[in-house]
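Chemist: The structure is given below, and queries will be raised subsequently.
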Amino acid sequence: MNELRCKVLVIGGGPGGYVAAIRAGQLGLDTILVEADRLGGTCLNVGCIPSKALIHAAGAAHGLREPRALNAIGLSIGPPKLDFARTIAWKDSIVTRLTTGVGVLLKKAKVRTLLGTATIIDGKTAIVRADTGETRIQAEHLILATGSEPVELPALKFGGDILSSTDALALTEVPGSFAVVGAGYIGMELGIAFAKLGAKVTIVEALPKILPLYDAELTQPVVRRLADLGVDTLLGAKATTHSNGALKVVGADGKVQSIAADKVLVAVGRRAHVSGFGLATLDLTMSGAFVRIDETCATSMRNVWAIGDVTGEPMLAHRAMAQGEMVAEIIAGERRAFDPVAIPAICFTDPEIVAVGLSPAAARAAHGEIRVGHFPFRANGRAMTLQDDDGFVRVVARADNHVVLGVQAVGAAVSELSAAFALALEMGARLEDIAFTIHAHPTLSEAFHESALTALGQPLHI
Amino acid sequence: MGVRSIKMPDVGEGVAEAEIVEWAVKVGDLVHEDQVVAAVMTDKATVEIPTPVAGSVLALGGAVGDVLAVGAELIRIDAPGMPDALLPTASKSRAQPQEPPPAPSADLKPAEPAPPPPEPQRAAPRPLGTHAGAPRPAGEKPLAAPAVRLKAREAGVDLRFVRGSGPAGRITHPDLDAHVARPPEPSKSAGRAPNEAIETIKVVGMRRRIAENMAESARRIAHFSYVEEVDVTALEELRASLNARATEERPKLTLLPFLILGIVKAVGEFPQINAHFDDDNAVITRFGAVHVGVATQTPNGLMVPVVRHAETLGLHECASEMRRVSEAARQAVAARDELSGSTITLTSLGSLGGIVSTPIINRPEVAIVGVNKIVVKPVWRDGAFVPRKVMNLSSSFDHRVVDGYDAATFIQRLRTLIEQPATLFIEA
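Residue numbers (this note's numbering), protein chains in the order written: chain P, 1032 to 1493; chain G, 744 to 1171.
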């Protein structure tokens, strides 16, 4: 068995783990990263990036297949032809480019990368099993970045026509009918994408609304778009079994119906990846199903750190990256703590939803009197020229000192506005700070400006 | 309009002046008839002064702590509908200008500015430099940009303790720099904020009297203290057996009445101990009477009520008289002659007694007898250690007029009386 020693051992090469390793390497710490599958983790391989590629392709295909918008601008074309295998190959090429890039960055940071499955022996030792043999690694610091995995339903176990999000992104052809169980952001993003690719999509959600984590005002434009796309939504309904291209669903009224579903995507959530690699031997304090951490990502064992999805919600790549960077710097001797004002969250549905900070209801609960400014994209010139003016920007601020507590938006391409929203929150902006910042014309970002003006009672364009 | 001037009344026999210890009103207040406007202290009695007229307060005759002579103007009240300048305790002549105040610091203060309120003043919080905004409400998170938070973290600064000068209390880089550059705080144990509170209390009334008397005694008298150990086993047995038969008329006895009897007997042989020394006139006055002052803790501070003519009192009479005057002192209802005129003082801290004390003489007396606590000690007696109840007497004497030999002999005499308590009750 090979024996290796290092200062920092990172288990998991997803966005949390590889960022931690790169930063640790940059800071001169002798670092080893162990990845069981492919660098980039869920995010790059079977999550954020491939889904966005698919969503982009679906949007393009949909634009051609439903040429109303094209016709409106005087464009007419013949019936489009989609070679889905090439779509997937294109998506894979992006994934490969990115994951290869991660490997290069790790190398550049002088991080040693081992492909293989790690088994933790104790807080400072792990054994990595690879095809080429076993390696025993002794480290001063252990960073757990093992991520999360999709949860399956007992009656709908993954395999065959029952797909996890990973499987759904690897389909080689567009299914004729596609059922999505779970109307969280993963289910909604993929459901809408497959609808645009031509599948007959049905969404089954046990709760009475889609995207249950967002308020009804924010999800309303998405609900409208689902209707346009011909997506059926069964709310308060439970999927039971699937056989012969049909999914049995018990509706809110108790009636059982059978819906056409060549494929079924089960997207009912993700759970921390905490088993199968000897984590139990450390006997770390857990927080429910997650590893408990403090504000420095320290676990209950000295010099054992945990970052990303394994530590709980929100399971977002950018949170994991920020934690990974921070932990590397802490190990290098810097004083750091994870203290963001807000972690932005985005649904790449159609239209897109951005939420940063507190919703009006949460803000009211936390701070009492608030001001809410709301500006619709139908009053925004740029949205009109992009042929998509559904949605709005909403800013939530304290009534007493006008400090911004949250910003939400729904609309085409609003994901890019998240940067401005998050910056406003982190900088402790007041409504006046946004109102007195000149926002370029004509852009969607003007809606942010106007929402602040509206909250101050001085809107210009409404 | 009728301006009425209320003068410092004659609040007790032979009292020439009184100290203002409290104002119940301030300039501008409306008062009704018989409302208490001030409390003044003479010797050791505090008297509340009511106003005989209703109206609004125009001026106060002094600040808390000022001493006014009897007859000096205490307060001036605008009493509508009353004849002007009708002075209740002074000449009835309306046209006469006011007599000049006979005592210092009795000048009438103008209506404005009002005298400072007597409440204790708290020290202002330490200024945090020019970059200090308003303090955040409790529990609110500090507002600061990520770069400021990072800098604070690296500097080891908890932003919760930094005030923000920016909009909505946002902490800016200069705020943080100013906080870091401030002078170091005194070291403190983790988790405990330094208590910066300072309370300034004006020393007035009783406390001032006590302070002045103590300082005067310590400054003028050449104190010497003498400590002797006394075996009180027999006395305690006697006391226990008397207390076992206590009745309502003859309640349980403390040690002090026995000691008073002892002192009465002992000073009969040592007249130089039961005396006053008027050092201004270099006169020693020896007394036949034994007026025993009993140092007593009261809510207002130390007082010395007096058991008068202890030489005439039996044990229970002595005890009940001591109880009566102590209680009067605690209730602040003691008459003047119950608080003055002692010829020797007895001081005891009861069960707190300690092992040794160095009491300060109650001037112009020349001796004070202090009682320490009783402890059971092994005592060598007749070839063996036996447990005995033992107590120290810590006494001070004025060495200017009491020689050490006399003092020591006096205490030895007292000790003998106490150790053989039957002798306390045998006529000389």
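Ideal Cβ placement from N, Cα and C applies to all residues, glycine included.
All values reported here derive from a predicted model rather than from experimental measurement.
Please report the straight-line C-alpha distance between G:Glu1108 and G:Glu1070, rounded to a whole angstrom.
Modeler: Rounded to the nearest angstrom, the two C-alpha atoms are 23 Å apart.
Chemist: When the Cβ atoms of the stretch 1437-1445 of chain P are set against those of the stretch 1377-1386 of chain P, are three or more pairs found closer than 8 Å?
Modeler: Counting Cβ pairs under 8 Å, three or more are found: they touch.
Chemist: If P:Gly1164 and P:Thr1073 are in contact, beta carbons under 8 Å, what's the gap, nearest whole angstrom?
Modeler: Actually they are not in contact, since the Cβ atoms of P:Gly1164 and P:Thr1073 sit about 27 Å apart, beyond 8 Å.
Chemist: What does DSSP give as the partner residues of G:Ser1138 in its beta bridges?
Modeler: G:Tyr969 and G:Val1112.
Chemist: Could you please give the first and the last residue of the uninterrupted beta strand (DSSP E) stretch that includes P:Asn1033?
Modeler: Residues Asn1033 to Ile1042.
Chemist: Quick check on the DSSP output: what are the complete beta strand (DSSP E) runs of length 3 or more inside the stretch 1402-1441 of chain P, in order along the chain?
Modeler: Counting only runs of 3 or more, we get 1423-1429.
Chemist: Hey, does G:Ala887 have any beta-carbon neighbour from chain B nearer than 8 Å?
Modeler: As a matter of chain content, chain B is missing from the structure shown, whose protein chains are P and G.
Chemist: Measuring alpha carbon to alpha carbon, tell me which residue in P:Lys1155, P:Ile1465, P:Arg1461 and P:Val1426 is nearest P:Leu1249.
Modeler: Selected option, being the one with the closest Cα: P:Val1426.
Chemist: List the residues of chain P that G:Gly882 touches, going by C-beta distances under 9 Å, in chain order.
Modeler: Near G:Gly882 there are no residues of chain P at all, since even the closest Cβ is about 11 Å away, more than 9 Å.
Chemist: In whole angstroms, what is the alpha-carbon distance linking G:Gly808 and G:Val746?
Modeler: Distance between the alpha carbons of G:Gly808 and G:Val746: 25 Å.
Chemist: Using a beta-carbon distance cut-off of less than 9 Å, what residues from the stretch 791-818 of chain G approach chain P?
Modeler: Taking 9 Å as the Cβ-Cβ cut-off against chain P, none of the residues of the stretch 791-818 of chain G qualify.
Chemist: Does DSSP put G:Glu791 in a helix, in a strand, or in coil?
Modeler: It is a strand residue.
Chemist: Compute the distance between the beta-carbons of P:Leu1313 and P:Gly1154, then report whether it is under 8 Å.
Modeler: Their beta carbons are under 8 Å apart, which means P:Leu1313 touches P:Gly1154 by this criterion.
Chemist: Under a CB-based cut-off of 8 Å, is P:Asn1432 close to chain G?
Modeler: Cβ-Cβ to chain G under 8 Å: yes for P:Asn1432.
Chemist: Compare the C-alpha of P:Asp1263 against each of P:Asn1411, P:Ala1466 and P:Lys1240 and name the closest.
Modeler: Of the listed residues, the one whose Cα sits closest to P:Asp1263 is P:Lys1240.
Chemist: Applying a beta-carbon distance threshold of less than 7 Å, which residues of chain P neighbour G:Arg903?
Modeler: Within 7 Å Cβ-Cβ: nothing; G:Arg903 doesn't reach chain P, min ~12 Å.
Chemist: Determine, using beta-carbon pairs with one atom in the stretch 1073-1083 of chain G and one in the stretch 1091-1104 of chain G, whether at least three such pairs fall under 8 Å.
Modeler: Because the criterion of three Cβ pairs below 8 Å is not met, the stretch 1073-1083 of chain G and the stretch 1091-1104 of chain G do not touch.
Chemist: Taking the DSSP output, what are the residues bridged to P:Phe1321?
Modeler: Beta-bridge pairing links P:Phe1321 to P:Ser1318.
Chemist: Quick one: give me the first and last residue of the beta strand (DSSP E) that P:Asp1259 is part of.
Modeler: Note, P:Asp1259: premise wrong, no beta strand (DSSP E); alpha helix (DSSP H) at Ala1247 to Asp1259.
Chemist: Below 8 Å CB to CB, which residues in the same chain sit around P:Thr1468 once its five sequence neighbours on both sides are set aside?
Modeler: The residues are His1480.
Chemist: Quick one: Cα of G:Pro1014 to Cα of G:Val1050, how far?
Modeler: If I take the Cα positions, the gap works out to 18 Å.
Chemist: Going along chain G, which residues have a C-beta under 9 Å from P:Met1219?
Modeler: The premise fails here: P:Met1219 is roughly 31 Å from chain G at the closest Cβ pair, so nothing lies under 9 Å.
Chemist: For a quick check, are the C-beta atoms of G:Leu1136 and G:Val1114 less than 8 Å apart?
Modeler: Going by C-beta atoms, G:Leu1136 is nearer than 8 Å to G:Val1114.
Chemist: Given the structure, does P:Ala1393 come close to the ligand ZN, in the sense that its CB is under 7 Å from one of the ligand's heavy atoms?
Modeler: This structure simply doesn't include the ligand ZN, nor any ligand for that matter.
Chemist: Contact criterion: CB-CB distance below 8 Å. Does P:Pro1360 meet it with respect to chain G?
Modeler: Pro is not the amino acid found at residue 1360 of chain P; the sequence shown has Glu there. Not an interface residue.
Chemist: Using only alpha-carbon positions, find the residue among G:Lys1120, G:Gly1126 and G:Met751 that is nearest to G:Val1133.
Modeler: Comparing Cα positions, the closest option is G:Lys1120.
Chemist: Drop a sphere of 10 angstroms on the beta-carbon of P:Ser1306, count the other beta-carbons inside from all chains shown, and report buried for 16 or more, exposed for fewer.
Modeler: Counting Cβ neighbours within 10 Å, P:Ser1306 comes out exposed, since fewer than 16 surround it.
Chemist: With burial defined as no fewer than 16 other Cβ atoms inside 10 Å of the residue's Cβ, what is the status of P:Gly1222: buried or exposed?
Modeler: With 16 or more other Cβ atoms within 10 Å, it is buried.
Chemist: Do the stretch 1164-1173 of chain P and the stretch 1106-1120 of chain P touch if we need at least three Cβ pairs shorter than 8 Å?
Modeler: No: fewer than three Cβ pairs fall under 8 Å.
Chemist: Is P:Gly1213 near P:Val1297, with beta carbons less than 8 Å apart?
Modeler: Cβ distance < 8 Å, so P:Gly1213 and P:Val1297 count as in contact.
Chemist: By the criterion of Cβ-Cβ separation under 9 Å, what are the contact partners of P:Ala1450 in chain G?
Modeler: Result: empty, since nearest Cβ-Cβ is about 13 Å, beyond 9 Å.
Chemist: Report the rounded CA-to-CA distance for P:Gly1282 versus P:Gly1267, giving the unit in angstroms.
Modeler: P:Gly1282 and P:Gly1267: Cα-Cα distance of roughly 7 Å.
Chemist: Of all the options G:Leu978, G:Gly909, G:Ser1100 and G:Leu1167, which has the alpha carbon lying nearest to the alpha carbon of P:Arg1461?
Modeler: Here the closest residue by C-alpha is G:Gly909.
Chemist: Quick one: is P:Val1159 buried, meaning 16 or more other Cβ sit within 10 Å of its Cβ, or exposed?
Modeler: Its Cβ being crowded by 16 or more others within 10 Å, P:Val1159 is buried.
Chemist: At a Cβ cut of 8 Å, what residues of the stretch 1436-1460 of chain P count as close to chain G, listed as they run along the chain?
Modeler: Here the close residues are Glu1457, Met1458 and Gly1459.
Chemist: Distance, Cα to Cα, G:Ser1139 vs G:Asp772?
Modeler: Taking the straight line from one Cα to the other gives about 51 Å.
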